[in-house]
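Engineer: Chains as they are written, first to last, in the UniProt record's numbering: chain A, 1 to 273; chain B, 1 to 107.
We treat Cβ as the ideally placed atom computed from N, Cα and C, and that holds for glycine.
Encoded as structure tokens, here's the structure I'll be asking about.
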């Protein structure tokens with residue numbers, strides 16, 4: 001089906017997702033009203049500290065928020081719930097997470113909503129998830145979710161997670177330099193190296209055999225539905241440390257469990273998901 | 001915002017925060033009248049002057065308080081943290097918070 005559509009000039013632009021022709025003079029702006037172009041970051045959830053929310057910047061009232069020049073979508077924060085002020089249309093939760101105070105507002109829905117939101121109490125740690133907003137120059141979190149922190153270590157986990165995520169945005173993924181060096185060290189052609197570059201980060205946590213299998217599978221042309229034979233995989237990853245029949249079969253099983261590859265016509269042909 | 005900062009600290013960091021508000025994660029060792037002897041995440045003993053309405057029920061607590069000197073803190077609020085807390089990991093977290101790469105920008 002997709003190949004058939006691919007040959008039709010009217011459908012080609014659908015791959016870019018906007019529904020408007022990239023070649024048209026209006027290509028740069030969204031064609032239909034209300035359909036705001038959203039970046040992937042707008043759909044993301046970032047752990048933050050109150051201080052980062054206080055320091056977040058916004059180019060104009062409708063623009064996305066940025067922390068250290070990185071766009072943020074939804075935010076999640078763990079803080080000491082200082083006060084709850086129930087009001088007619090919304091409840092205000094004052095959170096203190098040690099770096100500052102931030103107000104979380106929850107707009108009331110129905111009665112069931114109040115039951116769901118009633119299990120937090122003052123003087124405990126809670127986790128709030130929502131989006132950052134301003135009203136009259138005051139920043140608050142428009143909360144979509146609030147829950148008590150039942151596992152005390154979650155409070156400290158959140159601090160470390162904020163450090164990790166901020167560090168990630170400042171310096172890139174963990175161990176990126178080392179991974180890159182070791183991958184180019186294997187005897188692959190320029191083409192295979194390029195082909196696997198895009199995947200290398202998400203494969204970084206896999207063991208060397210699994211990674212070698214994925215890199216090989218990404219490097220061969222994916223032009224038949226049958227996929228790659230296990231024999232070809234075994235030959236290709238021979239040079240990797242710790243490879244034997246058992247480790248290849250374990251690695252293939254693990255990759256299938258992860259949903260990264262799947263079997264095709266029989267148990268010995270594999271394709272990348 | 002600045003008036004509400006209460007950085008998480010351990011015992012040895014207290015000296016850097018005299019006169020300021022901190023969060024001291026600690027284990028309650030014993031009560032002595034209106035104060036309590038606690039052990040910080042880096043295993044130092046600190047005296048906490050309890051506030052009148054303090055409700056210290058758990059073994060581990062996070063004390064929000066003002067640092068009088070390197071070994072005494074006056075409690076403003078207290079959050080009970082249960083009976084089992086990985087103090088080594090808490091101490092690692094506190095040292096990370098106080099790392100100059102993150103203190104000031106994140107914390």
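In chain order, what are the residue ranges of uninterrupted beta strand (DSSP E) at least 3 long that sit wholly in the segment 11 to 83 of chain B?
Structural biologist: With a minimum length of 3 residues, the continuous beta strand (DSSP E) runs that stay inside the segment 11 to 83 of chain B are 21 to 32, 35 to 40, 45 to 49, 60 to 69, 72 to 80.
Engineer: Suppose the cutoff is 7 Å on Cβ atoms and the five residues either side in sequence are ignored; what does the same chain contact list for residue 94 of chain A look like?
Structural biologist: To locate residue 94 of chain A, count along the first chain from 1; it is residue 94. Within the same chain, residue 94 of chain A has close Cβ partners 82, 83, 101, 103.
Engineer: Looking at the secondary structure, which residues open and close the beta strand (DSSP E) in which residue 71 of chain A lies?
Structural biologist: Here residue 71 of chain A is taken as the residue at index 71 of the first chain, counted from 1. Residues 70 to 72.
Engineer: Which residues of chain B have a Cβ atom closer than 9 Å to the Cβ of residue 52 of chain A, listed in chain order?
Structural biologist: For the purposes of this step, residue 52 of chain A is identified with residue 52 of the first chain, where counting begins at 1. 105, 106, listed in chain order.
Engineer: Locate the alpha helix (DSSP H) running through residue 220 of chain A, then write down its first and last residues.
Structural biologist: As a position in the first chain, residue 220 of chain A is number 220, starting the count at 1. Note, residue 220 of chain A: premise wrong, no alpha helix (DSSP H); not H, not E.
Engineer: Does residue 49 of chain A get closer than 8 Å to chain B when you measure Cβ to Cβ?
Structural biologist: Start at 1 with the first residue of the first chain, and residue 49 of chain A comes out as number 49. Output row for residue 49 of chain A: interface = yes.
Engineer: Tell me the DSSP secondary structure of residue 56 of chain A in three-state form.
Structural biologist: The residue labelled residue 56 of chain A in the question sits at position 56 within the first chain. Reduced to three states, the DSSP call for residue 56 of chain A is coil.
Engineer: Measuring only the C-alpha atoms, how far is residue 8 of chain B from residue 212 of chain A?
Structural biologist: Against the second chain, residue 8 of chain B aligns to sequence position 8. Against the first chain, residue 212 of chain A aligns to sequence position 212. Approximately 44 Å, taken between the alpha carbons.
Engineer: Residue range of the beta strand (DSSP E) that residue 144 of chain A falls in?
Structural biologist: Along the first chain, read from residue 1 onward, the residue named residue 144 of chain A stands at position 144. First-last of the beta strand (DSSP E) with residue 144 of chain A: 138 to 148.
Engineer: Residues in its own chain within less than 7 Å of residue 96 of chain A by CB, not counting five upstream and five downstream?
Structural biologist: In the first chain, the residue the question calls residue 96 of chain A occupies position 96. Here the set comprises 79, 80, 82.
Engineer: Could you list which residues in chain B have their beta carbon closer than 8 Å to that of residue 159 of chain A, in chain order?
Structural biologist: For this step, residue 159 of chain A is matched to residue 159 along the first chain. Within 8 Å Cβ-Cβ: 8, 93, 96, 97, 107.
Engineer: Would you say residue 100 of chain A reaches chain B, if we count a Cβ-Cβ gap shorter than 8 Å as a contact?
Structural biologist: Working through the first chain from its first residue, we reach residue 100 of chain A at position 100. Yes, contact with chain B.
Engineer: Nearest to residue 10 of chain B by CA position, among B/3, B/102, B/72, is which residue?
Structural biologist: The count along the second chain starts at 1 and reaches residue 10 of chain B at position 10. Closest option to residue 10 of chain B, Cα to Cα, is B/72.
Engineer: If I follow the unbroken beta strand (DSSP E) through residue 103 of chain A, where does it start and stop?
Structural biologist: The residue labelled residue 103 of chain A in the question sits at position 103 within the first chain. From DSSP, the beta strand (DSSP E) with residue 103 of chain A extends over 101 to 107.
Engineer: Comparing alpha-carbon positions, which option in A/210, A/253, A/231, A/273 lies nearest residue 241 of chain A?
Structural biologist: What you label residue 241 of chain A is simply residue 241 of the first chain in a count that begins at 1. Considering only alpha carbons, the answer is A/210.
Engineer: For residue 7 of chain A, which of helix, strand or coil comes out of DSSP?
Structural biologist: The sequence position of residue 7 of chain A within the first chain is 7, counting from 1. At residue 7 of chain A, the pLDDT of 47 sits below 50, so the modelled position is not reliable and the matter cannot be decided from this model.
Engineer: At 7 Å on the CB atoms, spell out the chain A contacts of residue 81 of chain B, in chain order.
Structural biologist: Residue mapping note: residue 81 of chain B aligns to position 81 of the second chain, counting from 1. Within chain A, the residues near residue 81 of chain B are 152.
Engineer: Indicate whether residue 165 of chain A and residue 47 of chain A have their beta-carbon atoms separated by less than 8 Å.
Structural biologist: Within the first chain, residue 165 of chain A is the residue found at index 165, counting from 1. Within the first chain, residue 47 of chain A is the residue found at index 47, counting from 1. In this structure, residue 47 of chain A lies closer than 8 Å to residue 165 of chain A by Cβ.
Engineer: Under three-state DSSP, which class holds residue 126 of chain A?
Structural biologist: For this step, residue 126 of chain A is matched to residue 126 along the first chain. Looking at residue 126 of chain A - three-state DSSP - the assignment turns out to be strand.
Engineer: Residues bridged to residue 229 of chain A by DSSP?
Structural biologist: Indexing the first chain from 1 puts residue 229 of chain A at position 229. Paired residues: A/269.
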